[in-house]
Each structure stands twice: as structure tokens, then as C-alpha cells.
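Below: one structure, written as C-alpha cells.
Residue numbers (this note's numbering): 15 to 950.
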């Protein structure tokens, strides 16, 4: 067993290398407890110094205040044993002092006198330790600003800027962020933006930066007419802040941004996602105030769009009663907005009473005014479920009609939900139809045990409706006419069909249709489909005789299924076209037919036409009030628009899918994955990155298998790279590679490592990039069937070797070329030949290099890639010029210009360089002629 002091040392080492968060907090708590158990106050001091910093970063204000007070008392009593700076790389005791006044100010439970005493004590400690007073001035500035003493704050800001920086000054990130927030609040938008852009351009960061700074300039960007920059700042700020409850203020700023930029659905989604954070830190009341005001603005805007009755998920949690009061049932957006404003006003009054100012009241006024501003900055990650064109029915007959339409479409769950209201209808024939629907759905859902007790009620309804023959038939057959598919049921149906001539036409049709449906569940596709078609024809004749248009149309849909069952999509499509041309087709049947035709068209490659059909299904379902079915219809429409190469349209459909899934408790993770993928394809990389991150978090919590999580991490990495977040992209690709490795998906693992290496090489981290590629090459050889990935990884490694003048490149190029030849990959063969030419140039083998590049150019041209052909020629020409063979380069440049006719940048560069070469050769007229091409 490890000795206690050795274990303590291990804990401290682990704490110092663990990122802020729950795991690190647990380690710190263990260290404090162990030090107390050992009875060594110096060890406890080491642990508590870390605990103060940990609590500050994780929003545990009570822990932070207690820990700091304990440490300060020990330090004041014996500075030798308890030094202010433990020199472990974390904040020292005097730095931690800066957090104390701010923390006390964040709760009206602490008096102004207590806050002033802490500030005075801080200054006394700084002077006693002969430290610079920048940190003290910073704390006093924050105090004046937070209290609403703006003139005092401005004077302190000016004094602070004139004070020399020292080791207790705010860092470059935090200092700029703080002043940017002050400038934004005092209507100096340009100054706020300037400071934040300095921070971003300088690469400055800290614990909650740059996400806090970015959130502070969202409104200044909007007011300056810079909506695109505001959107980018929002997406980055929120992505960095969304996982730490201590970032409640940052998230609040982002929620307000979404509310006033026309993204009310996203605002509601963020409120729902973060409303529980109110209960995270009981002493950070100022953050509660900011968040409540932000929530109120957002929910007011949600209500203004017509969605005030939308339930706000999570708002009814027991922990939030202290903020909103008791409430019966879920909170609507409108009701919760009013409650949030009321609580924010109460907190503002408490703060202002404590501070002797009207600072918080003015903040609320500004927030209410901000809530009336409107900017158009669309973000497409969230959407409201479309409002249905019809309200819920007001009587049983209305519910009967809805149930019928939903059943005809095939919405089993929606029909079941409507049936209890519809069954209040008095007409026995309608009741018989409704009971038939319920029985059929229960059997289809494999809940026959629930169906059997309902059968007598159905039979009684038939007799009351004057259909004794049908009642007798169903008494004999049980659930056979409702889809029960045992061998005995099939045999019973066959017996009844054989002697059905004496039955009424409607009953004959019902028997034939029931038996046809059972055939479609058989194992012999062709034989069963043919039998089903024959029976469907019998049913159609019988229902026509009975003059039942509804069941005639149902029979046509069964016949369509039979045709599809035997693989005759063309005949099925023709049958659907005829059905859809009928005037007597109900909305439910029309939606069903359109959805089937959409799938047929999609399967046949007619994606645009199929997507149009699916869109019409969505419209029809909305008109029926079929909210439950809207999700699957939008899924189909989105998938077809994706396949049609229209990711923008896919995004719009998947947004609705995601919202329906979240609202109905369906597969929200799968819906968000599809939405994020479509966003990435549509060029919305920043939004895609945020959403892929959310999907990955859910998959982690659900312990989804590694390979599946890896696929999400891979797309997250691609999104981050496309958005220019290369540092995070490298980490995401690395995580994807680890997960693929756990799942033994070696080709994908190597691909992720290769992408990671490309980014590292881009930033001249060439040694790390090469090491990754070498590892990837070893791994990918374990997946020889993944020829494309094998060729790509080996090619990348060869290029990396070639760039260093390493002869090992050529064996890899040979291997890739052999794969290209074997698999008739002409473009790859041309590309690896180009790479060979570049590697030869690096080794000074000029003639071989030029020959390889020109061979590659010819190969590219042969397969029609004139841009790549011109690129290879441009490289060859440059090699010749660099080796004082300008005259030889002229013809190569001219060929590059010719191949670049449709590629303006290539043509311009080649023409300019050729002009310089000709000028150097004394061929001035030709030079002028070539340069004129640039202007043409």
C-alpha cells in the first residue's frame, strides 16, 4: 500500500497536469482530505492553494472563499512555513486575492463594508510585500464597475492604464477582455472591438478567454454592421464556453445574441440546455441576474414569433423553484419569460440596495431595450417545429376525421393518440372503423394481447352498424383480418375466401385485402407478390362494388407494395402516378402515396423529384396536425436533398427533424448528426463543429462504440479545420484516431492520423507530422483491402520524405503507382508522378524532375484535368528557371498558360513569370505580349 505522504505527492503531480473540471476537483478534494488525515498543515496548505484556484475556475464560490481564508490566515501567521507563492506554476496567494472581492460582490448577501474591507486588506498585503499595485487597481476597477459607479470605474481604468504592469497584472487576454466589456457597456463599441481583435490576432488566451471577450463584442459587432464577424465570434465563444457551468455569463451573452438575430429557436434551445446552470453556484448571484435577464429576452422573442406556448424543457426542475417559484406542469416560454423578468428585477433591487446605486436597474433597462433590437444573422442549427395548419379538433367527429387521415397515411402512434378522443363519437359505423384501426395497429406493434379484449367491442359495433355478416366473419376469424400472421390465421382466411361468394361485397374485399397483406410478409418474394397482386385485384373489384373509395385506394397502395416486393419499381411508380391523379384521394392516402413515390424516385437516382415529393408530404402532414410523423418525413426529404447535391435544402429539413426529435423524445443525436453533416457540406463549418461537438458529448455519455464515436470526431475535426480552428482540429483528429484504433478500424485510424499530420506540416511542425505519417503507414498496412486509404497515406508519407530529400520517398511512390495501375486509377498515377518530380527536384536531379513533371502534365491532360496539367508544367518551368535554363522554360510556361485558360489564377501566375523570364532573355516584345494576357 502506498504511504500517505507519497500518495499526497502523487496527487499533487496529477492535479497539476489535469485540466480544470470534475476530475481535477475530485483530485483536489482528495488531496485536502489526505493532508488533514496526515495532520500536516503545510501539505494541507499546498492542497488548499490548489483548491482555491480549482474552485475559482469551476464556479464553487463557497469552497473558494473558505479555502482562501484558511490559506491567508496560515500565511499571515507564518509566511516562512506558508509562503504566498508555492512556485508550482499556479496562482499565488496575492493573485488569488483578486478573486475575493469579485466573489463577494457577486452576492448581495455580502455587504459593501465587507467588500471594502477585503479590498483594503488586499492593498495592505500588496504594500507589505512591496508588490506593484496593478492587481489592486484592477480589483477596485471591477468593484466600481460592477456596483454601477461608472465615473469611478472610468477614473480607475485611466489610472490602471497609466500604472506599470507587474506580475500581478491581468494577463494580455484578461486585461483586454475586461476593458472591452467596460467599453461595450459604456457605448464605445469600436474600442471594445479593437481590444478583442488585438487579443485574437495576438493569440492571447487564458482560463475563460477568448470566449468571454468574444461574447462581450457580439452586440458591438452587430451595431457596427459586421454580422458575419458577430456570427463567427458567437459560434466560437459558445463552443468554448458551453461545457463549464461557471461560464454562465458568457452563455447568457450568447443567448441574447441568438435572440436578437432572428435565431429564436436556437435561443430557446440554449436556454433549455443551460437553464439548470442557475443552480450550479449558489453564491454567484450576479451571474444568475445576467442569465435570468438573458433568458427573459430570449423567451420574449420566442413568444413574439408565435411560439409562446412552447414548453421550456428543464425549467420545471426542483432545483429551479427558488428562481421561478412553484408551477403546475411544464413552463411555457411566455410564462417563464415573465417569471425570469420578475426574479431579475428582485435581484437587481437587492444588489442596488446593497451598493447604494441603480447600476443593476440600469442594466435591466439596457437589456429590455436590447431585446427590441433586430438583426438578420441566420444560424441554422435549430428550428421550431412548423405550426400545423389546423388546431386540435373540438369534437369527436373532428377527431374521427383526424384519426382516419393519420391511419391512411400510416402514422400508427399519431392514430393511437387520436383514437381516445375519436371513440367518443356516437355513430356505430364510425366506432367500428375506429376500433378496426386500433386493432390493426396493436397487432402491427406486436401487442396482440391488448387487441384480443377489444375484439368483442368491435363486433358489437359492427352489429349496431347493421353489418351482421362482417361481425359473424370476425367472430370466426379472430384477429386474422387485422394482420395476425400465424399459419392458422392464413389458413382460416383461405377457407373463408374459398366460400366468400355469399358474403357482402365489402366483406369479400376485406378478406382479399387481409390475405394479400399476409402474402407481403411471406418468404417467397415473387410468388407471394404475385398472389398479393391477384388478391388486391379481387379486393379492388369488391370495394368498387361496395362503392367504398377509401378502401379502394387502400387496395391500390397494397398493390403498389406488392409490385415493389417483386422489384417492379416502374410499374409501382406508374400505379402511384394514376392514384395521385385521382380527385377522391384523401390527404392521408395522398401523403402515403407521395412518400412511397419519393422513395422509389430516390432509389432510381431521381433525387430532386423524390425530394419534391417528400416536401409535399411534409406540408400535408403539417395540415393534418401530424407532429409525430413530421420528423420522419423531414428525414426523408433531407436525405433526398442531400443526395441531390442540395445541402442547403437538406439543412432546412434536418433542422425541423432535430427539433421534432428533441420535442418527441426521439433520436435527437442521430438527427443532430445528420444536420451537422449537411451544414458542413453547405459550408457552415463553424455551426457544424458546434453541433458535432454536442453529438460527440452525447455519444460519450451513452458509451457508444468507439468506431461510431470516431466517425463523429472525424467530422468534428474536419469542421474545425474548415473553420480555421486548426489547434482544436489537430486534437479532434488525434482523438478520432485513438477511437478508430480501439475499434480496430485501421484504415480510418491511419486516415485520421494523416489528416492530423497535414495540419501539423502546415504550421511547420514537420518532425511531428512525419512521425505521425510513419505510424499511419504502419497501421494502414493492416488494412490492405482499403486501397484508397493505403494509397493516400503512403503517398502523403512519400511527399513528406521527398520534401526532406529523403530517398525513401521513391519506393513509396513506386508502391502507390503500382496500386494506381492495378486499379486503373489514372488520376492517382498522374498525381504520384507529379510528386516524384517534386522529390527529384529536392535532390537536385533536375532533368529527371522536369521529365517526371511533364509526364504528369501529359497524364493529367489526357484524362481532362487541365488545371492539374498546368500546375505540373508551372512547377517544371520554375525548376528550369531556378537552374538558369530560362530559354528551356519558355515553351513549358506557354503550355501551362494554354492549359490554364479556364483557371484564371494559374494563367495569371504563369503569364507573369513567363514575362519576367522573357525580359531576362532580352525578348522584350514577347514579354509585353505575354503580360498583356494578365489584363485580358
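Ideal Cβ placement from N, Cα and C applies to all residues, glycine included.
Tell me the DSSP secondary structure of residue 325 in three-state form.
In this structure, residue 325 counts as strand in the three-state DSSP scheme.
For residue 220, write down the residues that DSSP places opposite it in a beta bridge.
DSSP lists 223 as the bridge partner or partners of residue 220.
Spatial neighbours of residue 575 in its chain, beta-carbon cut-off 7 Å, leaving aside the 5 residues before and after
Contacts found: 534.
Does the beta-carbon distance from residue 874 to residue 850 come in below 8 Å?
It is not a contact, given that the beta carbons lie outside the stated cut-off.
Looking at the secondary structure, which residues open and close the alpha helix (DSSP H) in which residue 810 lies?
From DSSP, the alpha helix (DSSP H) with residue 810 extends over 801-817.
Starting from the C-beta of residue 644, find all residues in its chain whose C-beta is less than 6 Å away, skip the five residues before and the five after it, and write them out in chain order.
Closer than 6 Å at Cβ, skipping near neighbours: 635, 674.
Sequence-distant residues of its chain with Cβ nearer than 8 Å to residue 795 (five each side left out):
Only 804 meet the Cβ criterion.
Simplified DSSP assignment, three categories, for residue 121
In the structure shown, residue 121 adopts coil according to DSSP, grouped into three states.
Length of the line joining the Cα atoms of residue 751 and residue 632:
Each residue's Cα considered, the two are about 39 Å apart.
Pull up the distance between the alpha-carbon of residue 38 and that of residue 189, whole angstroms please.
So the alpha carbons of these two residues sit roughly 26 Å apart.
Measuring straight from C-alpha to C-alpha, what distance separates residue 896 and residue 797?
Whole-angstrom Cα-Cα distance: 42 Å.
Take residue 468 and list the residues in its own chain whose beta-carbon comes closer than 8 Å to its own, dropping the five residues that flank it on each side.
Around residue 468, the same chain offers 449, 452, 453, 456 as residues with beta carbons nearer than 8 Å, after the five sequence neighbours per side are excluded.
At what residues does the alpha helix (DSSP H) containing residue 842 begin and finish?
From DSSP, the alpha helix (DSSP H) with residue 842 extends over 840-856.
Which residue comes first and which comes last in the alpha helix (DSSP H) that contains residue 715?
Element bounds for residue 715: 699-715.
Rounded to whole angstroms, how far is the Cβ of residue 198 from the Cβ of residue 225, which I believe are closer than 8 Å?
Not really, about 15 Å apart at Cβ, beyond 8 Å.
Please state the DSSP three-state secondary structure of residue 600.
Coil.
Test item: CB-CB of residue 203 and residue 238 under 8 Å
Yes; because the gap between Cβ atoms is below 8 Å, this pair is in contact.
Please specify which runs of the alpha helix (DSSP H), each continuous and at least 4 residues long, are wholly inside the segment 137-192, giving them in chain order.
Fully enclosed alpha helix (DSSP H) runs of 4 or longer: 148-161, 164-176.
Just list the alpha helix (DSSP H) runs in the segment 369-399, keeping only unbroken ones of 4 residues or longer that don't cross its boundaries, in chain order.
With a minimum length of 4 residues, the continuous alpha helix (DSSP H) runs that stay inside the segment 369-399 are 373-384.
Do you know offhand how far residue 529's Cα is from residue 557's?
Inter-residue distance for residue 529 and residue 557 is about 15 Å (C-alpha atoms, whole angstroms).
Which residues in the same chain as residue 823 place their Cβ atom closer than 7 Å to its Cβ, once the five residues preceding and following it in sequence are excluded?
Correct list, in chain order: 812, 815, 816, 853.
Let me know the secondary structure DSSP gives residue 974 once reduced to three states.
No statement about residue 974 is possible, as the shown extent of the chain runs from 15 to 950 and does not include it.
By the DSSP assignment, the alpha helix (DSSP H) with residue 889 in it spans what residues?
Here the alpha helix (DSSP H) through residue 889 covers 880-896.
In chain order, what are the residue ranges of uninterrupted alpha helix (DSSP H) at least 4 long that sit wholly in the segment 455-513?
The segment 455-513 contains, as complete alpha helix (DSSP H) runs of 4+ residues, the segments 462-465, 469-478, 482-491, 501-512 (chain order).
Leaving aside the five residues before and after residue 403 along the sequence, list all residues of the same chain whose C-beta is less than 7 Å from its C-beta, in chain order.
With a pLDDT of only 48 at residue 403, under 50, the local geometry of the prediction cannot be trusted, and the value read off the model is given with reservation. Hits under 7 Å: 636, 637.
Near residue 414, what residues of its chain come up, given a Cβ to Cβ distance below 7 Å and the 5 sequence neighbours on each side ignored?
Residues 436, 439, 444, 448 of the same chain have their beta carbon placed closer than 7 Å to that of residue 414, with the five preceding and five following residues left out of the count.
Strand pairing of residue 346, partner residues [DSSP]:
325.
Whole angstroms are fine: how far does the CA of residue 59 sit from the CA of residue 99?
The straight-line gap from Cα to Cα measures roughly 11 Å.
Does the distance from the CB of residue 75 to the CB of residue 433 come in under 8 Å?
It is not a contact, given that the beta carbons lie outside the stated cut-off.
Cut-off 8 Å between Cβ atoms - residues of its own chain near residue 900, not counting five sequence neighbours on either side
If we look at residue 900 and ignore the five residues flanking it on each side, its Cβ neighbours are 894, 931, 934, 935.
Buried or exposed, going by whether 16 or more other CB atoms sit within 10 Å of the CB of residue 1033?
Nothing can be reported for residue 1033, as the shown portion of the chain is limited to 15 through 950.
Cα-Cα, which of 598, 649, 641 is closest to residue 612?
Residue 612 has its Cα closest to that of 649, out of 598, 649, 641.
Could you tell me the alpha carbon to alpha carbon distance between residue 620 and residue 281, rounded to whole angstroms?
So the two alpha carbons sit approximately 37 Å from each other.
Segment limits, alpha helix (DSSP H) that includes residue 53:
Unbroken run through residue 53: none, as it is neither H nor E.
Is DSSP giving residue 439 helix, strand or coil here?
Note: residue 439 maps to coil in three-state DSSP.
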